[in-house]
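Numbered according to my numbering, the sequence shown spans residues 477 to 1474.
Here a beta-carbon is modelled for each residue, glycine too, at the ideal position from N, C-alpha and C.
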Amino acid sequence: MLGVFTGDTRRRKMNLGTRSRTTKDDLIKKAQQERERRACDRAFENAARRIQREIKKYLACRTLFCKDVIKMTTNQYSRLIPAYGNKLLQYQDKDTFRMLLKKSRDYINDVAPADLVATRVVNLLTSYEDDSLFVPTVGLLDSCHLSSFNTVITNGLLPFLNNTKDLSSESIDKICQILLDWDQTSHFNGNETLDLTRIYELPTREMQKSSMTDLYTKLFQRNLRPSLYVEKESNIVNIFDNLCRIFHFHMATSGERMTVIPYLLAYVPDIKKIRLNDNVSDADSDTDMDADHTTDNEKSNDIIDIFSKVVSNPHFLDALMNQFLSSLSPLVKKEDMYLVLEKIKRVIQICDKNYLKYTVLLNLLSKGNDTKMLINNLFYEDDDSSLYLMIEFINMHMITTTDYDLLSNNNDVITIRMLFDFTKFLKLSVFNDMWNNQHPKRSDCFQIGLDLLNKIYLRDSRTGFVTKLWDAWYEKKTGRRPTGKDSFWCVGVDEKFMHLKIFEEFYRFSEFYTMGYERIEIGELNTYHYEGIKDIPSLKMKLISKRHQGQINLDRFQTAGDRKLEILLLAPYFVPFEERIEYFHFIIEKEKGKLQALADQTPSPGPYQLQYPFLLNRPQFGDEARTSSSGSGRYSGRRRGTISRDSILEDAYNSFGDIGEGMKMKLDVTFVNEFGPEAGIDGGGITKEMLTCVTDEGFKDPEKELFQTTGTYKLYPMIAKNGITREKGKYFEFMGAILGKCLYDHVLIDVQFANFFLQKLLNCSNNFLVGFDDLVDLDPVLYRNLLKLVSMSATELKELDLNFEITSATGDGTVELIPNGANVKVSKENVLLYLTKVSDYKLNISIAIQTQRFHDGLMSIIKPLWMELFNARELQMLISGAGKDIDLKNLKENTVYGGYVETDLTIRYFWEILEEFTTEQRFEFVKFVTSVPQAPLRGFQTLEPLFGIRNAGSGDLGRLPTASTCVNLLKLPDYQNKTILKEKLLYAIEAGAGFDLS
């Protein structure tokens, strides 16, 4: 059909460029934006309406509460506070609100229940930042019969006191009044007990100190005090701090202070809680952490400082002692006595932080029979507090008791026998802690017990006050004197410990030590001063600490060997002396082998050369020494030196004084006499002779002005009249290196040092200081005279007219022992200080530089770690040997013969004659052939070379026996006559026949 409609109505799409093309997504997005705009407009309108309503409400309330309140009736304004509470503070100024509080006080109880009033008062108090409204606010409670006073205290009064910056005297009086009223009401009605302890728990802030202390003082004076029963959840530290302030600042009379002491004793905190309390109290602070830490320390120190003032009052310590004596009553439980001992322990620990501990201990030790009862009870108790106190009391006794008093046994409180018994117990306790427990698991008393044991050991090594008792007991029991593991200080009871050897463990630790050890350089000065000596940190202790912390990749003392190593380092006396000598020689031989191997290598800076830098500085040993006899071009490591018999010390210094640690290597020495160079190849014997000659000249020749002797002919550094010049300091350092070389090469020398000087060398970690009792080694007369001063009365001391000054060590004037000492008189109060200062000047200050330089030289060869295995007496034995007689059997077994055999008649006569010699003659014989009048510590088998007897012929029987001490050789003619042999041998020994006397 023509002209039929097909349904196609689409219009033709055309874009003439006059309008944008809008898609469906654009329309949806536009609609969304429109809805959001309308919602924002509605929210704005609603906010505006809300603000308008709040403003209208505020203005209406302000009109009502500020202006219309004046027109209100009593019934109306009395209902405002119960109805609105602290909301009223938003509309009223302080004066208006104060007036409302005062007007409502008499009527509020008629219009509202007491608990509601209390709730409103609590809310008000928590919102205050100062105390301007406090008095009228709490006045609302005057006529209320509250069901719980403690609720108001806890929820209202405590937050108010914690928030307010200061308290007026009116507020303080009001607090005291209401608490006193509430306390009386509580007792009268038989209701709850008023919890006043919570008030004393508040921390005393810096701005509150004065007013809060005033409050606590008035509360205390009105018998409003904390409970004497300490609850676990109480903040003991804050209570203790506040009680200390009451005691010190506001209790004027002794009677008032006595009332505070029982409460102080009840709340003495553990020192750890003082530190912990700081961290907890500032846990919410937003300030910098470092600043917080500083503030914490300041608060802790503040508490400790104020307590130190409390302890200074004699009534406090008297009360403490009386409390202990009361606890000894049979009616008192054992647990209560332990609590008292714990309090005494806490007092001492807190005082220790402020260096007042010694005063407290001295005071407690001066109580006569009371002290005796205390010590006796501590000795037989096994709790930690008793052990701690016993250690502290014994330590104080050791500090204040001189060697003379100790040995005379005049003290009836701590007797020699008690010291002996306690030392035995402490020794086993410390050893068990170190041997059986790893570091974190040790007892709380371990460190102070170890410190005390070390102190007793050093005193015993000087006086033998403990060892003598043990030796007498042991000899009586067994019929022989104790040796080795049977000696007092060894712990032979543990067989595993005694049989365990730790050579490799000690060597590994020594390697770490050697890499970390740095000598102290005093500086290139012409003259040195005592004040310039630097502090010497104990590298050994730092390494041990790092081992415990796992910072050194060795281990953490988990194995038996490593635990024994720690014992060797911290308490070497537990290990027998002979075993320690083995470790000492082992470590030296290991280093010798390593150094020789390095010296034989082609020069190249490897890690060990960097550890031993003298190996890199090879030209200093001389070009002629650089090649070996084989011409291989390898480095021999030997420094040559030509020594004149007329100037041994000077030539030795010029030849070897500049090589430092190079002294460890083998030396090549040639002696020159009036006829020229002496024949011989230095295989070690000539070096030994050089060492013995240098030590004889340097240590014993007063013209060299290096060393002088005490009254008992023991050596110590000479005091230089013109100061220590640079050159003189180098000579001291050289002599130290020579002594180190002797120890390093096991060369015994006939030199006896003063005990105090050796002790100084072993105390390098504490500036080489020694104490008053060591003065007896230097000047026994001065020591005894100073002791007399202690027993003199105040009048006698005044008559002596002594000042804190002393004649200088050089004798050319006086030296003040303290600032302005010439004007400070010695009195009963400061006589102990005078003794300390005199001994310090004599023993430490006057020879400080000489000791430092000598130690520098010694330590370039022998590290402090190696020397610290021994005490002063043992070190002297390492230097010069030991023994009460010569062991002829040991000598005979280690003798080599040249031209003789053991069965020859002259040899048989020789040994028979030595048997007939006196002990002194045998010592002289050993000196004749070895240069030292002592046997080697580990026997003649360690003599290098072994003792030898060479046939000097039989042609001239008038010849004397001669000796070559450099090789320990006796040149003995074949006399074959016992009488002639004995006569010639004695004559040679007494005449000192050497190479030339024959």
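Assign residue i to buried or exposed, taking buried as 16 or more other Cβ atoms, counted over all protein chains shown, within 10 Å of its Cβ.
i     : result
T1078 : Interpretation of T1078 is limited by its pLDDT of 47, a score under 50 that renders its predicted location unreliable; no figure is taken from the coordinates.
E510  : exposed
S1123 : exposed
K500  : exposed
E1369 : exposed
S986  : buried
F1151 : exposed
E1281 : buried
E1466 : exposed
H975  : exposed
D760  : At D760, the pLDDT of 41 sits below 50, so the modelled position is not reliable and the matter cannot be decided from this model.
W949  : exposed
L1302 : At residue 1302 the sequence reads Val, which differs from the Leu that was named. V1302 comes out buried.
G1117 : buried
Out of the options, state which residue places its alpha-carbon closest to the alpha-carbon of residue i.
i     : options                    : result
V1443 : F1404, F1423, E1179        : F1423
G1357 : Y1317, I1383, V1314, L1419 : L1419
I978  : K785, T1035, L576, F901    : T1035
F896  : V906, L850, F964, T847     : F964
N1242 : I870, N1320, D781          : N1320
I715  : M727, P702, H724           : P702
L577  : F610, Q566, D606           : F610
R674  : F625, K1360, T954, K1180   : F625
R938  : L1234, V967, T891          : L1234
N777  : R733, D828, V808           : D828
T627  : V1307, E677, A948, L672    : L672
Q914  : I924, R1039, G844, N885    : R1039
T689  : L670, S645, V706           : S645
Checking 9 Å against the spacing of the C-beta atoms, do residue i and residue j come in under that value?
i     : j     : result
L796  : L741  : yes
V1266 : N1279 : no
L1143 : R1114 : yes
F1248 : L1311 : yes
I1338 : L1219 : yes
I820  : S784  : no
V787  : V816  : no
D1253 : N1231 : yes
F1404 : L1367 : no
F907  : D970  : yes
R1329 : K1206 : yes
F898  : M910  : no
I1225 : T1171 : yes
A1298 : E1305 : no
L1413 : E1054 : yes
F723  : V744  : no
L1334 : G1212 : yes
A590  : G632  : no
K1460 : P1449 : yes
Per DSSP, residue i forms a beta bridge with which residues?
i     : result
A1439 : L1446
Q1184 : Y1192
R1426 : G1374, K1447
D1144 : R1116
G1152 : N1149
K903  : DSSP lists no partner for K903.
A1358 : A1411
K1301 : N1279
F1060 : None; F1060 has no bridge partner.
F979  : Paired residues: none, contrary to the question.
F1229 : L1191
Every unbroken beta strand (DSSP E) inside the segment 581-653 [3 residues or more]:
none
At what residue ranges does the segment 685-730 contain a whole run of the alpha helix (DSSP H), taking only runs of 4 or more?
685-697, 712-721
Give, in chain order, every unbroken run of the beta strand (DSSP E) that is at least 3 residues long and sits entirely within the segment 1270-1298.
1281-1283, 1290-1292
Please specify which runs of the alpha helix (DSSP H), each continuous and at least 4 residues long, are wholly inside the segment 826-893, giving them in chain order.
833-841, 845-856, 860-876, 879-884
So within the segment 916-965, which uninterrupted alpha helix (DSSP H) runs reach at least 4 residues, ignoring any that extend past its ends?
922-939, 943-954
Threshold first: 4 residues or longer. Then list the alpha helix (DSSP H) segments lying entirely within the segment 513-578, N to C.
550-554, 556-560
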